[in-house]
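>
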Amino acid sequence: MSRINLAVLLVVGLLLVTAKQSMQMSLRNPTAEIETSNCKLTVLRVGLVFTSDHNEKAVIDSGLFTNISYDDIAGRRFHVGTLENTPIVYVKTGTQSVNVATAVQILLLKFHISGIVFFGNAGSLDKTYVPGTVVVPDAVAFTGVWEWEEFEAKNKGQLAFGHFNYPVNGENSLGTVAYENITLYSPSEDPQDVFWLPVPLPEEAATKELTRGLRLNKCHSGRCQAEFEIIYGSKASTSDFYVKNEAYGGFLVTEFDASTADSASAAVALTALSNEKPFVVIQGVSNVVGVDGSYPELASHNAFLVATVFVKSFPTQRLACE
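Numbered according to mature numbering (1 follows the signal peptide of the UniProt record, and there is no 0), the sequence shown spans residues -19 to -1, 1 to 303.
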């Protein structure tokens, strides 16, 4: 073997050893980057986001998450580790949209995140979606942003309180409420006012292929329900109030064709879209609006099962060469 070939082999060998050591170091350090020659290999992590203790319990009880370290930032704890060998950072945001958006923005600024998988519980506005069903919407909206019109105003809002008078419909001094758009900011486009925020799912066939063969639990903590399914392509409503009123739930279905309601999904969507970061929203149905009974652990468990599949679909490395 010539001296030149031997030298080349030695250099390649040293690069491989260095890359392996750097990769091990980057698994411990969530912001690490590996530099070789004029190329930089960045280890990316998937951001796993949820709001509640029930959601976190589903992650921990699964035994699939291996914790490596954590960072405490602005009162939130960001857990760095792996989920079935996929590098992730998970954060429990707490409820209310401002808390959710703040935590997601910190996640994107502090860590190298390839995409966001949000999973959580939601109320079903459509009684065909029983507790334990998992919903993966393709659009979400803030339905708690209102302009409350004056009584007998010429311009009427979509929600007319008089239509819900009991026992007879009629005029109501509360008047009407108009649902407002929100401003979507983007680093590459001008701000635009929108109502629906798109959730960029893969094509339907590809999305369903991801979860083919996945079996959702029918029972949890001694509570059992009927067979469940994963619903793709619905619309979801987000607001900072918990919807228990059946009449209002029916209004959301009729007026906006929404199927579920929660307090977080639109905040995740708005923050991810503003940062041009891919994301997915996964909702486990915990209750049906206007119907007694709630199954938060069952909903969290089934939503997390679906979330694990989507976590694997995001890239975990990015190579950039000058």
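Glycine included, each C-beta is placed from N, C-alpha and C at the ideal position.
None of these values were measured; they are calculated from a predicted model.
#1: Which whole runs of the beta strand (DSSP E) in the region 259 to 302 are 3 residues long or more, in chain order?
#2: Unbroken beta strand (DSSP E) runs of length 3 or more, entirely within the region 12 to 87: which are they?
#3: Does S255 come out as helix, strand or coil in the three-state DSSP assignment?
#4: Based on the DSSP output, what are the partners of E128 in its beta bridges?
#5: Which of helix, strand or coil does DSSP assign to S246?
#6: Counting C-beta neighbours from all protein chains within 10 Å, is the total for F132 16 or more, i.e. buried, or is it exposed?
#7: What is the DSSP secondary structure of S3, reduced to helix, strand or coil?
#8: Between W129 and the rest of its own chain, which residues show a CB-CB distance below 6 Å, the 5 nearest in sequence each way excluded?
#9: Looking at the secondary structure, which residues open and close the alpha helix (DSSP H) in which T219 lies?
#10: Our contact map puts V116 next to S215 with C-beta atoms below 8 Å; I'd like the distance itself, whole angstroms only.
#11: Would you mind sorting V61 into buried or exposed? The rule is 16 or more other CB atoms within 10 Å of its CB.
#12: Note down the Cα distance separating N150 from F142, rounded to an integer number of angstroms.
#13: Assuming T76 and T32 are in contact, meaning their beta carbons sit under 8 Å apart, how far apart are those beta carbons, in whole angstroms?
With the given structure in hand:
#1: Counting whole runs of 3 or more residues, the region 259 to 302 contains the beta strand (DSSP E) stretches 260 to 269, 298 to 302.
#2: Counting only runs of 3 or more, we get 14 to 17, 20 to 24, 26 to 31, 46 to 54, 57 to 64, 67 to 73.
#3: Note: S255 maps to helix in three-state DSSP.
#4: Looking at the DSSP output, E128 sits in a beta bridge with A159.
#5: Assignment of S246 by DSSP, reduced to helix, strand and coil, places it in the helix class.
#6: Under this definition F132 is an exposed residue.
#7: Residue confidence is low: S3 scores 46 on pLDDT, short of 50, so the model does not pin down where it sits. No coordinate-derived value is stated.
#8: If we look at W129 and ignore the five residues flanking it on each side, its Cβ neighbours are V158.
#9: It is not in any alpha helix (DSSP H) - T219 instead sits in the beta strand (DSSP E) that spans 216 to 219.
#10: Going by Cβ atoms, the distance from V116 to S215 rounds to 6 Å, so yes, they are a contact pair.
#11: By the Cβ neighbour-count rule, V61 is buried, with 16 or more other Cβ atoms within 10 Å of its own.
#12: For N150 and F142, the gap between their C-alpha atoms comes out near 9 Å.
#13: That pair is a contact at about 5 Å.
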